[in-house]
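Chemist: Residue numbers (the numbering used here): 173 to 287. Submitted below is the structure of interest, expressed as structure tokens.
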């Protein structure tokens, strides 16, 4: 499959999911943040289920690698938010270091996950 065709297919999948998820957020009888929370929970559970290899529920780590990358992105963004706080207390500095340590550990683990 050509790279252009593959990218087009990925974009079509993304567009369909985004439209569907947006409709779900609007349709759920919860406040917006709670609706997003519920939908994220379901999506993450299903991403894990998709990554299962067999009846023993063994998860293919290569398939779930994007989830780990997403966690790293979230933690990195949190570090950036905390670093913007002018009055950086030792508690905030410790949180930043904790987040960076988790990011580093996840990065090392992901380097060892191959297809």
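Heads up, the beta-carbon is just placed ideally off N, CA and C, and yes, glycines get one too. What you are looking at is a predicted structure, and each value in this text was computed from that prediction instead of being measured.
(1) Inspect the CB distances between the stretch 268-282 and the stretch 245-255 and report whether three or more fall short of 8 Å.
(2) Taking residue 285 as the reference, which of 251, 261, 231 and 248 has the closest Cα?
(3) Does DSSP put residue 204 in a helix, in a strand, or in coil?
(4) Please report the straight-line C-alpha distance between residue 221 and residue 263, rounded to a whole angstrom.
(5) I'd like the list of long-range same chain contacts for residue 241, defined as Cβ closer than 8 Å, with 5 residues on each side in sequence excluded.
(6) I'd like to know whether the C-beta atoms of residue 234 and residue 178 end up nearer to each other than 9 Å.
(7) So, residue 243 versus residue 215, is the Cβ gap smaller than 9 Å?
(8) Looking at residue 219: is its Cβ nearer than 9 Å to the Cβ of residue 238?
Modeler: So, from the data block:
(1) yes
(2) 231
(3) helix
(4) 37 Å
(5) 282
(6) no
(7) no
(8) yes
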